[in-house]
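Note that the sequence shown covers residues 1 to 171 in my numbering.
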Amino acid sequence: MAILFLVYFAQNHTQHYQIAIGAIVCGAIPFLLERFAKIRFHYLIITLYFTFLFGSQFLGSMMGFYDSISWWDTFLHCISGILIACIALDLLERLTNKGARKGMTSWFIFIYVLSVAVLGGVLWEIYEFSVDQLFGTTTQGGGNVDTMTDLIADSVGGIIVAIIAAFFRRK
């Protein structure tokens, strides 16, 4: 992204170099959290995170996938639901001791993981709505249909991880 920033900056392609700056900042977040907050993420979470960033920032925004592939936004919302659900599981591991986790039922794990994934989707949609209202943008291009499709996709991603987590809890 740093190279793309330089190329687009030299070409005075404002929108693309601004996206590159955003991607660089977002890409630095895991490293900054590890460096300053001593939070180290599982490789699966890091892989999903950078896959999501690449898909949304580079492919979606710079390469035009959001406009040329009708299902791209929905696909990325499903990926973000999976990512947030994995982060929820990681947080559960970090914030509870082994004894407390032994007492958690599969049903609790399922509801917890799904709830956090759905909450992440809801917060994102609130962000999109706020940006549209404050700056006159159109991040919610399809209005209610776009919002509901995004929330359903976030939920599907969360359900996938929640089912897997609940299944492995039973073993």
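Don't be surprised by glycine CBs; every beta carbon is placed ideally from N, CA and C.
Check whether residue i and residue j have beta carbons under 8 Å apart
i	j	result
A153	F110	no
G103	S155	no
L91	F52	no
I159	L114	yes
L151	E128	no
F58	A88	no
With 16 other Cβ atoms within 10 Å as the buried cut-off, status of residue i
i	result
V145	exposed
Q11	exposed
H42	exposed
Y49	buried
S68	exposed
G81	buried
I29	exposed
I19	buried
G157	buried
L32	exposed
S56	buried
G60	buried
V161	buried
Any non-hydrogen atom of the ligand NAP within 7 Å of residue i CB
i	result
I24	Absence of the ligand NAP is noted for the structure shown, with no ligands found whatsoever.
Best match in the options for proximity to residue i [C-alpha to C-alpha]
i	options	result
L123	I84, L134, G55	I84
T74	F108, T149, G27	T149
E93	S56, I163, I39	I39
F108	T47, I24, F168, A37	F168
V116	T147, C86, S70	C86
G27	Q15, F54, R35, F36	F54
W71	F135, A37, G142	G142
Quiz item: Is the region 96-103 touching the region 64-71 in the sense that three or more CB pairs, one from each, lie closer than 8 Å?
Solution: No: fewer than three Cβ pairs fall under 8 Å.
Quiz item: What are the uninterrupted segments assigned as alpha helix (DSSP H) that are 4 or more residues long and contained completely in the region 5-45, given in chain order?
Solution: Counting only runs of 4 or more, we get 14-37.
Exercise. With a floor of 4 residues, list each alpha helix (DSSP H) that falls wholly inside the region 34-103, ordered by position along the chain.
Key: For the region 34-103, whole alpha helix (DSSP H) runs of length 4 or above, ordered along the chain, are 43-53, 65-68, 72-95, 98-102.
Quiz item: At which residue ranges does the region 113-149 contain complete alpha helix (DSSP H) runs of 4 or more residues, listed in the order of the chain?
Solution: Correct list: empty.
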